[in-house]
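Numbering (this note's numbering), first residue to last: 61 to 603.
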């Protein structure tokens, strides 16, 4: 999904921020070829290949290979035509008319047309689809009218300036309506798109097989390639164990891997046969949300002390060995309208944290050194499913636990299974919750921090339980205006309110971490909307 929490496995001028892009050119006796096969090894399983269902990042990553979208977003955040040639919006922002290409077919032979657009949007918002991401982005959706085969008229119930931005994401890619009409389990195993590759095999928890769509004629404007893909076959392997996945790259069993283990980064960087790419993703960074609905974090002074005592920036550098970038505000630093003014508000200051806790009445300490008030220890409970997170994230949380102890705050990390995590996440049965939400719009602030986001639709996005009518109003205004300057000002105000409230401890920016064999594959890039691997431009290499 576009987001991830330990309490549930469920997500513009965008500047690319690459932590590293290293490595030499391909060996002189190697050259790109037309055709060939590559193996891509990923660290996360894909429970359903249809990104409309649920909505986790592994689904979007593979969807980028076989689905096209209505519109495209470039690296600067501008929106461009893709399957939709053009569009216009009514003055009240409630009606969007899309004019569509008439020369595109899905790989099952079904034509792309206005009826396909309707079928897809209806599918995303249908409760039976259980779409936590795509459906969540379309809460304003009312209906689609098919005016003619190349004209789809979409009606919303509220102005939604982020509409085009989310339509550019692979989560909202357009699938064959014929395929969508099948039972969900069947479509999960073999979804059909109009993209550069098509799925021809799926073995759960093991691999996905993709082959080139030889009739591909609808590349996005950001792609360098303009015809069918250069690669003929892709084997998409599921290898969760870090050492095994990295070993597969070194031995040549895999040509590309994602989730490069931090402990192998230095070795890979020094290897002239390996190319590295670490690219930050937009949205809400990985963060600890502080539950304001109960003690101790219903006290703003305690929240501020917790944030100030965390020493997060140093801990991120230590835990990730320099392979993750510190995030200080409620938006990832590559998200449009991100404001760097909120990066250092809660910079490490143990004295300030101690002073705040003293003033809040937590003046006593027990034999273990933790603060107490009226005989009660100052404790924050963090339920955690360790297997759902990279080892470096678990290490980071452990370091923060140690940092907080210096201020007298006990962070109690409780290992729980997914079922327990889900239940506790939907009932605010925690003090701290770790999660993120990858998306290409600053509207993620509404998704994660608005009053409405405290309610569950299978998942509660607002883990802080925070409610502020002024913040809600500002975020609604940002969705209603078409003026970018005004949107920027409104999102700046929203970031300030969230920052001042001390309801979230941002940790690090989510990133796409790729390592590839230069002697096997070249032109491994990311698509612009969510910064996900995009293999349409890639080419196999032959010596």
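Beta carbons are placed, not taken as given, at the ideal position from N, Cα and C, and that holds for glycine.
For the beta strand (DSSP E) that contains residue i, what are its first and last residues?
{"i": "residue 493", "result": "492–498"}
{"i": "residue 293", "result": "293–298"}
{"i": "residue 98", "result": "97–102"}
{"i": "residue 318", "result": "316–318"}
{"i": "residue 484", "result": "No beta strand (DSSP E) contains residue 484, which is instead part of the alpha helix (DSSP H) from 478–485."}
{"i": "residue 165", "result": "Premise fails: residue 165 is in no beta strand (DSSP E) and is neither H nor E."}
{"i": "residue 433", "result": "431–433"}
Compare the beta carbon distance of residue i and residue j with 8 Å and say whether it is the shorter of the two.
{"i": "residue 417", "j": "residue 498", "result": "no"}
{"i": "residue 165", "j": "residue 206", "result": "no"}
{"i": "residue 302", "j": "residue 103", "result": "yes"}
{"i": "residue 162", "j": "residue 278", "result": "no"}
{"i": "residue 606", "j": "residue 292", "result": "The requested residue 606 does not occur in the structure, where the chain is confined to residues 61 to 603."}
{"i": "residue 500", "j": "residue 513", "result": "no"}
{"i": "residue 520", "j": "residue 486", "result": "yes"}
{"i": "residue 404", "j": "residue 388", "result": "yes"}
{"i": "residue 375", "j": "residue 456", "result": "yes"}
{"i": "residue 612", "j": "residue 378", "result": "With the chain covering only 61 through 603, there is no way to say anything about residue 612."}
{"i": "residue 262", "j": "residue 109", "result": "yes"}
{"i": "residue 425", "j": "residue 502", "result": "no"}
{"i": "residue 300", "j": "residue 105", "result": "yes"}
{"i": "residue 204", "j": "residue 592", "result": "no"}
{"i": "residue 562", "j": "residue 246", "result": "no"}
{"i": "residue 601", "j": "residue 581", "result": "yes"}
{"i": "residue 381", "j": "residue 450", "result": "no"}
{"i": "residue 476", "j": "residue 461", "result": "no"}
Just confirm the distance between the C-beta atoms of residue i and residue j, as a whole number of angstroms; I'd bet it's less than 8 Å.
{"i": "residue 143", "j": "residue 234", "result": "6 Å"}
{"i": "residue 474", "j": "residue 446", "result": "Actually they do not touch by this definition, with Cβ atoms about 11 Å apart."}
{"i": "residue 191", "j": "residue 112", "result": "5 Å"}
{"i": "residue 369", "j": "residue 466", "result": "7 Å"}
{"i": "residue 232", "j": "residue 197", "result": "7 Å"}
{"i": "residue 100", "j": "residue 297", "result": "7 Å"}
{"i": "residue 346", "j": "residue 567", "result": "5 Å"}
{"i": "residue 173", "j": "residue 209", "result": "4 Å"}
{"i": "residue 333", "j": "residue 579", "result": "6 Å"}
{"i": "residue 181", "j": "residue 214", "result": "7 Å"}
{"i": "residue 551", "j": "residue 538", "result": "6 Å"}
Within a Cβ cutoff of 7 Å, which residues of the same chain sit near residue i, ignoring the five residues on either side of it in sequence?
{"i": "residue 224", "result": "131 and 139"}
{"i": "residue 145", "result": "159, 160 and 161"}
{"i": "residue 409", "result": "368"}
{"i": "residue 458", "result": "none"}
Can you give me the start and stop residues for the alpha helix (DSSP H) that residue i sits inside?
{"i": "residue 557", "result": "544–561"}
{"i": "residue 366", "result": "360–369"}
{"i": "residue 507", "result": "504–509"}
{"i": "residue 604", "result": "Because the chain spans 61 through 603 in this model, residue 604 falls outside it and cannot be assessed."}
{"i": "residue 197", "result": "194–197"}
{"i": "residue 461", "result": "451–466"}
{"i": "residue 568", "result": "Looking at the DSSP string, residue 568 is not in any alpha helix (DSSP H); the run it does join, the beta strand (DSSP E), is 564–568."}
{"i": "residue 242", "result": "That residue, residue 242, is in no alpha helix (DSSP H); it is neither H nor E in DSSP."}
{"i": "residue 376", "result": "372–380"}
{"i": "residue 530", "result": "529–540"}
What does DSSP give as the partner residues of residue i in its beta bridges?
{"i": "residue 159", "result": "146 and 211"}
{"i": "residue 262", "result": "268"}
{"i": "residue 600", "result": "581"}
{"i": "residue 131", "result": "141"}
{"i": "residue 442", "result": "473"}
{"i": "residue 409", "result": "Paired residues: none, contrary to the question."}
{"i": "residue 344", "result": "497"}
{"i": "residue 206", "result": "212"}
{"i": "residue 396", "result": "Per DSSP, none; premise fails for residue 396."}
{"i": "residue 191", "result": "114"}
{"i": "residue 122", "result": "Answer is none; residue 122 lacks a bridge partner."}
Tell me which residues share the same chain as residue i and place their Cβ nearer than 8 Å to its Cβ, disregarding the 5 neighbours each side in the sequence.
{"i": "residue 216", "result": "153, 154, 155, 156, 200, 201, 202 and 223"}
{"i": "residue 596", "result": "125, 255, 256, 257, 279, 283, 285 and 289"}
{"i": "residue 88", "result": "At residue 88, the pLDDT of 44 sits below 50, so the modelled position is not reliable; the number obtained from the coordinates is stated separately. Excluding residues within five positions, none has a Cβ falling inside 8 Å."}
{"i": "residue 373", "result": "386, 388, 407 and 408"}
So, at 6 Å on beta carbons, what are the nonlocal neighbours of residue i in its own chain, with the 5 sequence-adjacent residues on each side left out?
{"i": "residue 558", "result": "390 and 509"}
{"i": "residue 541", "result": "547"}
{"i": "residue 123", "result": "111, 230 and 233"}
{"i": "residue 358", "result": "352"}
{"i": "residue 79", "result": "Bear in mind that the predicted position of residue 79 carries a pLDDT of just 45, short of 50, making it unreliable; the figure below should be weighed with that in mind. Closer than 6 Å at Cβ, skipping near neighbours: 338 and 385."}
{"i": "residue 314", "result": "99, 101 and 308"}
{"i": "residue 348", "result": "492, 494 and 565"}
{"i": "residue 371", "result": "408 and 463"}
{"i": "residue 544", "result": "none"}
{"i": "residue 218", "result": "200"}
{"i": "residue 342", "result": "74, 392, 394, 395 and 500"}
{"i": "residue 599", "result": "92, 290, 582 and 583"}
Cβ-heavy atom distance between residue i and the ligand FMN below 7 Å?
{"i": "residue 111", "result": "Absent from the structure shown: the ligand FMN. Ligands present: none."}
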